[in-house]
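For the sequence shown, the numbering used here assigns the number 314 to the initial residue and increments by one for each residue that follows.
All C-beta atoms, glycine included, are put in the ideal place defined by N, C-alpha and C.
First comes the structure, then the notes that go with it.
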Amino acid sequence: MTMDIPLAVAGLLLVALAVRDVWASVLHPDAEGVFAKGIRRGTWRLATACGALLPTWRRHLLALAGPAIIALTFTAWILLVILGLTFVVYPMRDEYVTVPETGNLTFLDTLYYVGGTVTVLGYGDIFPVTGTGQMLALVASALGFTMFTGMASYLIEVVTGMTTRNRFALAIHDGVRGTSGAAMLAKWLAEDGVGAVRRRCHDWAGLLRSIDELVHRYPLVAFTYRSHRHEYDPEPALRHAAEATVAALVAARLIPGLRSASSELASALMRLQTTIAENYLSAEVARKLSVASPNDGDRHSVIRVERLVTERAEIRTGDLHAPRLAELSDADQDAATVVHRSRILLDALKQWTRGDIDDHEWDA
314 MTMDIPLAVA
324 GLLLVALAVR
334 DVWASVLHPD
344 AEGVFAKGIR
354 RGTWRLATAC
364 GALLPTWRRH
374 LLALAGPAII
384 ALTFTAWILL
394 VILGLTFVVY
404 PMRDEYVTVP
414 ETGNLTFLDT
424 LYYVGGTVTV
434 LGYGDIFPVT
444 GTGQMLALVA
454 SALGFTMFTG
464 MASYLIEVVT
474 GMTTRNRFAL
484 AIHDGVRGTS
494 GAAMLAKWLA
504 EDGVGAVRRR
514 CHDWAGLLRS
524 IDELVHRYPL
534 VAFTYRSHRH
544 EYDPEPALRH
554 AAEATVAALV
564 AARLIPGLRS
574 ASSELASALM
584 RLQTTIAENY
594 LSAEVARKLS
604 VASPNDGDRH
614 SVIRVERLVT
624 ERAEIRTGDL
634 HAPRLAELSD
644 ADQDAATVVH
654 RSRILLDALK
664 QWTRGDIDDH
674 EWDA
């Protein structure tokens with residue numbers, strides 16, 4: 314029996330690790346389990362690597378990654394609990410009876426019994442005859458039932474979260490309509506006026522905050538659950554949202570009524586960028602975002618966006634008449650920071666997905 318004690322201890326440790334992983338991934342809003350994170354990263358890397366080798370099938374392979382991550386993670390949790398409890402029960406095998414009587418349980422018999430108990434599918438052909446075994450059966454079945462209930466609730470929340478992300482991508486896709494976020498905002502200014510642009514900036518900031526919460530709460534699926542349809546891809550939506558944010562910031566220098574809304578939009582965007590980097594990209598990318606220092610190319614991009622906004626919006630309104638400043642204002646510096654951070658993030662996402670995110674000059 315001396316060899317069985319370490320086995321039981323190892324089993325309890327496996328169960329504790331699985332429960333902790335489920336608790337972190339499903340119940341805690343600020344954590345992700347070690348096993349869940351490893352499965353997510355490994356499955357995604359495999360999907361993107363295969364997609365790079367088979368570009369024709371790339372989108373289909375990425376669309377399979379999200380469901381595969383969920384299925385593999387749930388399976389891993391269940392198997393860890395079953396295996397761990399098997400290690401605990403096996404040293405107590407002489408406290409169980411089989412029908413018909415076959416003597417002490419083998420390891421496979423124990424695995425079969427624990428699997429049936431955890432999944433609440435036991436057939437009654439193996440049962441404990443001691444109080445300890447009976448209490449262990451209650452704990453195992455309660456643990457299994459709780460895990461399955463939690464995973465079912467998690468799936469429902471995932472579906473809701475994916476609806477939020479798709480709505481965000483479609484809203485931006487339909488608003489841009491093949492141009493750029495900057496051109497779209499200039500069009501809004503020209504056709505709808507400052508008040509409408511202010512409301513839309515608030516709406517977009519709300520959408521960005523919803524996506525930020527989704528990435529923060531459900532990193533397992535927020536960016537790995539992909540669709541066969543390109544308009545649901547989050548990267549183009551992020552690019553267009555950044556373009557619109559830059560345009561709103563430079564317009565706010567010329568139209569004071571937009572300052573609050575543009576600042577809110579910029580804050581929501583930059584918070585989301587940081588959350589994405591921390592959950593999906595490397596620590597180096599997150600560090601670059603935190604110390605973003607715009608260069609001359611970023612500043613020139615801001616100037617081009619400002620020229621686009623003033624030229625297109627003043628066709629129908631005179632709100633944007635303002636002299637060209639010799640140097641960029643604080644608002645323009647904020648816009649240059651958004652450009653710089655967005656380029657860092659989009660370049661990193663391009664590598665992460667091994668995809669074809671197009672470079673953009675911010676003035677189309």
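{"Asked": "For A450, the nearest candidate out of Y426, T415, I391 (CA to CA)", "Found": "Y426"}
{"Asked": "Span of the beta strand (DSSP E) around Y409", "Found": "409-411"}
{"Asked": "CB-CB length for I696 against L533, believed under 8 Å", "Found": "Because the chain is modelled from 314 through 677, residue 696 falls outside the range shown and cannot be assessed."}
{"Asked": "Bridge-paired residues (DSSP) for P441", "Found": "Y409"}
{"Asked": "Proximal residues to S655 (C-beta, below 6 Å), its chain only, five neighbours per side dropped", "Found": "A555"}
{"Asked": "Cβ distance (whole Å) where R353 is taken to contact T650 below 8 Å", "Found": "The Cβ separation is near 30 Å, so there is no contact."}
{"Asked": "G488 - DSSP class collapsed to helix/strand/coil", "Found": "helix"}
{"Asked": "Neighbour-count burial assignment, Y409, 16 or more Cβ in a 10 Å radius", "Found": "buried"}
{"Asked": "For A560 and V618, believed in contact at Cβ under 8 Å, the rounded distance", "Found": "5 Å"}
{"Asked": "Inter-residue spacing [alpha-carbon to alpha-carbon] between A697 and E577", "Found": "The structure shown has nothing for residue 697, since the chain only spans 314 to 677."}
{"Asked": "Sequence-distant residues of its chain with Cβ nearer than 6 Å to A581 (five each side left out)", "Found": "A518, L521, R522"}
{"Asked": "For T666 and D645, the rounded distance between their alpha carbons", "Found": "31 Å"}
{"Asked": "Residue nearest to L662 in terms of C-alpha spacing, selected from E591, Y436, A648, R620", "Found": "E591"}
{"Asked": "R547, DSSP secondary structure in three states", "Found": "Checking the sequence, you will find Pro at residue 547 rather than Arg. Helix."}
{"Asked": "Distance between R625 and R572 (C-alpha atoms, nearest Å)", "Found": "20 Å"}
{"Asked": "Separation of L393 from A648, as counted between CA atoms", "Found": "49 Å"}
{"Asked": "Contact belief for V652 with T588 at Cβ below 8 Å, rounded distance in angstroms", "Found": "Between T588 and V652 the Cβ distance is about 19 Å, and since that is not below 8 Å, they are no contact."}
{"Asked": "Sufficient close CB pairs (3 or more, under 8 Å) joining the segment 606-622 to the segment 487-498", "Found": "yes"}
{"Asked": "Every unbroken alpha helix (DSSP H) within the segment 540-600, with a cutoff of 4 residues, ordered by chain", "Found": "547-567, 572-593"}
{"Asked": "Nearest to T432 (by Cα), restricted to the options L398, D407, V442", "Found": "L398"}
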